[in-house]
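Undergrad: Just remember that the numbering used here sits 1298 ahead of the position in the sequence shown, which is counted from 1.
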Amino acid sequence: MRFWLTDSELTKYERARIIGTRALQLSMGAIPLLDESVIKGLDTLAIAELELERGVLPITIRRRLPNGEYQLISITRLFKKNE
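1. Closest by CA to I1329, which one among Y1311, E1312, E1349, K1310?
2. Please report how far the alpha carbon of Y1311 lies from the alpha carbon of T1358, in whole angstroms.
3. Using only CA atoms, which one of G1327, I1371, I1345 lies nearest to S1335?
4. Return the first residue and the last residue of the alpha helix (DSSP H) that I1245 is part of.
5. When you compare the CB positions of I1317 and E1351, do they come within less than 7 Å of one another, or not?
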């Protein structure tokens, strides 16, 4: 088991960047990671928020530590740890 040096939750800035980036990808034609029945009638921003809430996005966050090093954290692990 790996020891985490940073918070186990997304900051509001990380959350905004992930949702914004994913909404842009969806608007440019990326395939949604949720079933069509779930996202029918939703706009790209709502789909991106729903994908993040359900933890299906394969995204890794790079957090800078005080000593200058970086820590890579998968958001799927963040959601699993918080459950």
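Just so it is clear, CB atoms sit at the ideal spot from N, CA and C, and this is done for glycine as well.
TA: Reading it off the structure:
1. Numbered from 1 along the sequence shown, position 31 holds the residue referred to as residue 1329. The option with the nearest alpha carbon to I1329 is E1349.
2. Along the sequence shown, one-based indexing puts residue 1311 at 13. Along the sequence shown, one-based indexing puts residue 1358 at 60. So the two alpha carbons sit approximately 14 Å from each other.
3. By one-based count along the sequence shown, residue 1335 stands at place 37. I1345 is the residue among G1327, I1371, I1345 whose C-alpha sits nearest the C-alpha of S1335.
4. Within the shown structure, residues of the chain are numbered from 1299 to 1381, placing residue 1245 beyond reach of any answer.
5. Position 19 of the sequence shown holds residue 1317. Position 53 of the sequence shown holds residue 1351. With a cutoff of 7 Å on beta-carbon distance, I1317 and E1351 are scored as not near each other.
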